[in-house]
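Participant: In full-length UniProt numbering, the protein residues as written are 1 to 370.
1. Which residue wins for smallest C-alpha separation from residue 147, given the options 277, 14, 340, 3?
2. I'd like the list of long-range same chain contacts for residue 359, defined as Cβ closer than 7 Å, with 5 residues on each side in sequence excluded.
3. Starting from residue 47, trace the alpha helix (DSSP H) in both directions and tell me its first and last residue.
4. When the cut-off is 8 Å and only beta carbons count, does residue 49 lie next to chain C?
5. Can you tell me whether residue 364 is buried or exposed? The criterion is at least 16 other CB atoms within 10 Å of its CB, across all chains shown.
6. Residue 355 and residue 70: beta carbons closer than 8 Å?
7. How would you write the range of the alpha helix (DSSP H) that residue 147 sits in, first residue to last?
8. Can you give the beta carbon distance from residue 127 to residue 110, rounded, assuming they're within the 8 Å contact cut?
9. Which residues in the same chain have their Cβ closer than 7 Å to the Cβ of residue 260, if we skip the five residues on either side of it in sequence?
10. Excluding the five sequence neighbours on either side, which residues of its own chain have a C-beta within less than 7 Å of the C-beta of residue 97, listed in chain order?
11. So, under 8 Å CB-CB, residue 89 and residue 45 are touching, yes? Tell me the CB distance rounded to an integer number of Å.
12. Quick check on the DSSP output: the alpha helix (DSSP H) that includes residue 211 runs from which residue to which?
13. Could you pull out every unbroken alpha helix (DSSP H) segment of at least 4 residues lying fully inside the stretch 32–100, listed in chain order?
14. Is the CB-CB distance between residue 25 and residue 3 below 8 Å?
15. If distances are taken between C-alpha atoms only, which option among 11, 53, 7, 19 comes closest to residue 31?
16. Could you have a look at residue 296 and say whether DSSP puts it in helix, strand or coil?
17. Please report the distance separating the alpha-carbon of residue 193 from that of residue 330.
18. Would you mind working out which of 312, 328, 112, 153 sits nearest residue 284, comparing C-alpha positions?
19. Leaving aside the five residues before and after residue 15 along the sequence, list all residues of the same chain whose C-beta is less than 6 Å from its C-beta, in chain order.
20. Starting from residue 136, follow the beta strand (DSSP E) in both directions and report where the run begins and ends.
21. Which of the three DSSP states, helix, strand or coil, is assigned to residue 117?
22. May I ask you to list the residues that DSSP assigns as paired with residue 2?
23. What beta strand (DSSP E) runs, 3 residues minimum, are completely inside the stretch 193–268?
24. Going by beta carbon distance, what residues of the same chain come within less than 7 Å of residue 267, once the five residues before and after it are set aside?
25. Assuming residue 112 is part of the alpha helix (DSSP H), what are its boundary residues?
26. Roughly how many whole angstroms lie between the Cα atoms of residue 122 and residue 134?
27. Taking the Cβ atom as the reference point for each residue, do residue 152 and residue 272 lie within a distance shorter than 8 Å?
28. What number of angstroms, rounded off, separates the C-alpha of residue 318 from the C-alpha of residue 67?
29. With 16 other CB atoms within 10 Å as the buried threshold, where does residue 225 fall?
30. Tell me the rounded alpha-carbon separation between residue 120 and residue 292.
31. At the level of alpha carbons, what is the spacing between residue 139 and residue 145?
32. Return the chain-ordered list of same chain residues with a C-beta closer than 7 Å to the C-beta of residue 362, the five sequence neighbours on each side being excluded.
33. Since I believe residue 49 is in contact with residue 298 (beta carbons under 8 Å), could you give me their beta-carbon distance rounded to a whole number of angstroms?
34. Measuring only the C-alpha atoms, how far is residue 269 from residue 334?
35. Per DSSP, what are the beta-bridge partners of residue 16 in this structure?
36. By how many angstroms is the C-alpha of residue 321 removed from the C-alpha of residue 131?
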């Protein structure tokens, strides 16, 4: 019997397996998809997450970025990182680096689906493997989470408390550029993301976030000749139609050749009743998700994966829920608060002007998140 079975080889699952192996635990990863795995995401990794991955021995390559810029067509405000640069990394490049590190540590990766899970007081069995514990890192719409009854339906949220937002439609496959319905004005409904790459030299060393009534568009430099553009919105429409809501960005991309297919993810908001069920512990997006608005998904996944491994080593799965909440609460609260303001018609147009008027506060929040 092994110590830990990890379901999913994305950043959360791979980092969990790597840290467990470095801690002397026996680990097996189960992943049904072939590597490298692509996914619709912003592809910007915070400095803290880059440092953590480097300590795990993961060798990353990408394009450094030195802060975040907010723009709304009239206002612009920059917040540069104090601790060090983040890194823009293609998702496939990141996954290949994680898989390379797993191979170097001789961690087996089984090409299989988890399927039904059975457990008792001493072990858990899935995909034909018996382990002391199972780390469920199987994504935003985690089948394991649903199988164990830990998924909570999204309730209609009231307008008064951002904390009620605490808790990605993730197909992560190419989408047609012309098959979606005509766009409409975004409201505070179900948010989804679309991402595409463009062959163009980055025009800044920052991640740019363009704001409009439709939603937000994130531009991340991921190579010397490539940028990724991710749009977050509750409006329906094609990627191209969404870009119409960001005329400044559209001008920047004029003449640039699309370098990847459009990929989608969502609904972003995922509520989870608990992070632990017996000897199964949820990590990464499977453990719950607020929104991609602050771009901290990978950083939070890495921090919580470290806590998961510590709980497995100590044979105290009952400590994981509190540990998960402790290391993720600040990011969840800031993301939920910003999303709450974003969904208020009177507040949304004032977010970027407020950041521009209070650049010190804006820098503090950005650096706190990074």
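Yeah, the Cβ is synthetic: ideal placement off N, Cα and C, and Gly gets one too.
Facilitator: From the atom records:
1. Among 277, 14, 340, 3, the Cα nearest to that of residue 147 is on 277.
2. Non-local C-beta neighbours of residue 359 in its own chain, meaning closer than 7 Å and more than five positions away in sequence, comprise 77, ordered along the chain.
3. Looking at the DSSP string, the run of the alpha helix (DSSP H) that includes residue 47 is 47–55.
4. Here there is only one protein chain, and chain C is not present.
5. With fewer than 16 Cβ atoms within 10 Å of its Cβ, residue 364 is classed as exposed.
6. In contact: residue 355 and residue 70 (Cβ atoms closer than 8 Å).
7. Per DSSP, residue 147 belongs to the alpha helix (DSSP H) from 143–147.
8. Rounded, the Cβ-Cβ distance is 6 Å, consistent with contact.
9. Excluding sequence positions up to five before and after residue 260, its CB lies within less than 7 Å of the CB of 196, 197, all in the same chain and listed in chain order.
10. Cβ neighbours of residue 97 beyond the five flanking positions: 58, 59, 60.
11. Going by Cβ atoms, the distance from residue 89 to residue 45 rounds to 6 Å, so yes, they are a contact pair.
12. Here residue 211 belongs to no alpha helix (DSSP H); instead the beta strand (DSSP E) covers 207–211.
13. Those alpha helix (DSSP H) runs which fall completely within the stretch 32–100 and span 4+ residues are 47–55.
14. The beta carbons of residue 25 and residue 3 sit closer together than 8 Å.
15. The option with the nearest alpha carbon to residue 31 is 7.
16. Shown here, residue 296 sits in coil according to DSSP, grouped into three states, outside any helix or strand.
17. Straight-line Cα distance between these residues: approximately 23 Å.
18. Cα-wise, what sits closest to residue 284 is 328.
19. Cβ contact annotation for residue 15 (same chain, cutoff 6 Å, sequence separation greater than five): 302, 305, in chain order.
20. Taken as a continuous stretch (DSSP letters only), the beta strand (DSSP E) holding residue 136 covers 129–136.
21. DSSP places residue 117 in coil when its eight states are reduced to three.
22. Beta-bridge partners assigned by DSSP to residue 2: 131.
23. Listed in chain order, the beta strand (DSSP E) runs fully inside the stretch 193–268 are 207–211, 215–223, 226–233, 262–265, counting runs of at least 3 residues.
24. Same-chain partners within the cutoff: 169, 190, 191, 192.
25. Premise fails: residue 112 is in no alpha helix (DSSP H) and is neither H nor E.
26. Their Cα atoms are separated by approximately 12 Å.
27. It is a contact, given that the beta carbons lie within the stated cut-off.
28. Answer to the nearest angstrom: the Cα atoms are 38 Å apart.
29. By the neighbour-count criterion, in which a residue is buried when 16 or more other Cβ atoms sit within 10 angstroms of its Cβ, residue 225 is exposed.
30. The straight-line gap from Cα to Cα measures roughly 36 Å.
31. Straight across, the Cα-Cα distance linking residue 139 with residue 145 is about 9 Å.
32. 77, 79, 355, listed in sequence order.
33. That pair is a contact at about 5 Å.
34. The C-alpha of residue 269 lies about 15 Å from the C-alpha of residue 334.
35. In the DSSP output, where bridge partners are listed per residue, residue 16 has none listed.
36. Going by the C-alpha atoms only, they are around 20 Å apart.
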